[in-house]
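J.:
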Amino acid sequence: MATKQKGLGEIFSRGVLKENPVLMLLLGTCPILAVSTTAMNGIGMGIATTLVLIMTNLIISVIRNLVSDKVRIPVYITIIAGMVTIIQLLIAANFPDLNKSLGIFIPLITVNCIILGRAEAFANKNGPVRSVVDALGMGLGFTLAIVILSSIREIFGNGTWFDKPIPVLNEYPLGIINMPPGGFFVYGLMIAGTLGIIRYMDDAAKSKAKKLTTKGALQAEAAQFDESDCPDNGCEGCGSKASCGMAEFRAQMRPKKMIVPGMITKEGGTK
Numbered sequence: 007m008a009t010k011q012k013g014l015g016e017i018f019s020r021g022v023l024k025e026n027p028v029l030m031l032l033l034g035t036c037p038i039l040a041v042s043t044t045a046m047n048g049i050g051m052g053i054a055t056t057l058v059l060i061m062t063n064l065i066i067s068v069i070r071n072l073v074s075d076k077v078r079i080p081v082y083i084t085i086i087a088g089m090v091t092i093i094q095l096l097i098a099a100n101f102p103d104l105n106k107s108l109g110i111f112i113p114l115i116t117v118n119c120i121i122l123g124r125a126e127a128f129a130n131k132n133g134p135v136r137s138v139v140d141a142l143g144m145g146l147g148f149t150l151a152i153v154i155l156s157s158i159r160e161i162f163g164n165g166t167w168f169d170k171p172i173p174v175l176n177e178y179p180l181g182i183i184n185m186p187p188g189g190f191f192v193y194g195l196m197i198a199g200t201l202g203i204i205r206y207m208d209d210a211a212k213s214k215a216k217k218l219t220t221k222g223a224l225q226a227e228a229a230q231f232d233e234s235d236c237p238d239n240g241c242e243g244c245g246s247k248a249s250c251g252m253a254e255f256r257a258q259m260r261p262k263k264m265i266v267p268g269m270i271t272k273e274g275g276t277k
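All residue numbers for the sequence shown refer to the numbering used here, where the first residue is 7 and numbers rise by one.
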């Protein structure tokens, strides 16, 4: 039996939160911790990685049926390396300071697990549109994670944000935040926070589904309920009111009649 394909919205959103490559899949940890000392570095690395993801996923999804399984991985790596070279040349030509700051970590995008992982796990099995949407979601998730991490480290480690000084914090910077132990500490806090958000969302969804299921069951039971078994004064005179209350529930479920002024009643009068 064929499995139901996920919609484009779900493919995009899962890369941002539930399958965030940095915070949930823990991929690309080395460049994340190495370059996330300033917010500008984070944006540069995030955009570069996202562009490589989009171009690589698009090309691989188009040629996926033309490449033999025996040479699939070498072909993928060659494509990724070509895309990374293009991005590096563009950054070097237009943003030389950023290129110098990121250094060797731009070429190392070639062996980033996120790029090859999405090529093998998704682009190799889906069409161009779905592959590009997947790349956009994963790229956005990667960029958000590295920008937040680098912003926290720059603000508390240097007392600046995008090289602009922040009052008080720039006078008492916490140098350890910009060191590897500080990077791991902030990274761990972000992972814990993401897990907490996902758990809260899952619990809220389960609670909502449970309420809808309970309401549906009560409505079905009310439809089969015989009020003739109840006392004349309804639930008030019933000893099982605390555990039942079905007569009151059914009364609430009945459509209410609208009384229009001047309307003639069965008795011949008017309201």
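Just so it is clear, CB atoms sit at the ideal spot from N, CA and C, and this is done for glycine as well. Note that this is a predicted model, so its numbers are computed, not measured.
Kindly indicate which residue of T219, G199, R124 has the alpha-carbon position closest to the one of F18.
T.: When each option's Cα is compared against that of F18, the closest is R124.
J.: Can you have a look at L32 and say buried or exposed, based on whether 16 or more other CB atoms are within 10 angstroms of its CB?
T.: Per the 10 Å Cβ criterion, exposed.
J.: Helix, strand or coil for G202, going by three-state DSSP, please let me know.
T.: Correct three-state label for G202: helix.
J.: For A8, I'd like the list of residues in its chain whose CB is within less than 7 Å of its CB, leaving aside the five on either flank, ordered along the chain.
T.: Residue confidence for A8 is low, a pLDDT of 46 falling below 50, so the modelled location carries little weight; the figure read from the coordinates is stated next. The answer is none, since no qualifying residue turns up.
J.: Check M106 in the structure and name its three-state DSSP category.
T.: A quick correction: the sequence has Lys, not Met, at residue 106. Helix.
J.: Does the beta-carbon distance from I85 to I112 come in below 9 Å?
T.: Cβ atoms of I85 and I112: not closer than 9 Å.
J.: Buried or exposed for T56, going by 16 or more other Cβ atoms inside 10 Å?
T.: Label assigned to T56: buried.
J.: Which class does L166 belong to by DSSP, given the choice of helix, strand or coil?
T.: Inspection of the sequence shows that residue 166 is occupied by Thr rather than by Leu. Reduced to three states, the DSSP call for T166 is strand.
J.: Does the CB of I38 have a neighbour CB from chain D at under 9 Å?
T.: You won't find chain D in this structure, because it holds only one protein chain.
J.: Consult DSSP for P171 and reduce its assignment to one of helix, strand or coil.
T.: Three-state result, P171: strand.
J.: Closer than 7 Å by C-beta to L114: which residues in its own chain qualify, once you throw out the five before and the five after it? Chain order, please.
T.: P37.
J.: Taking the alpha-carbon positions, what's the G163 to I182 distance?
T.: Roughly 7 Å separates the two Cα atoms.
J.: Would you grab the beta carbon distance between S156 and T44 for me? Rounded to a whole angstrom, and I think it's under 8 Å.
T.: Contact holds; Cβ gap of about 6 Å.
J.: Could you check the C-alpha separation between K131 and V68 for me, to the nearest Å?
T.: C-alpha separation (whole angstroms): 10 Å.
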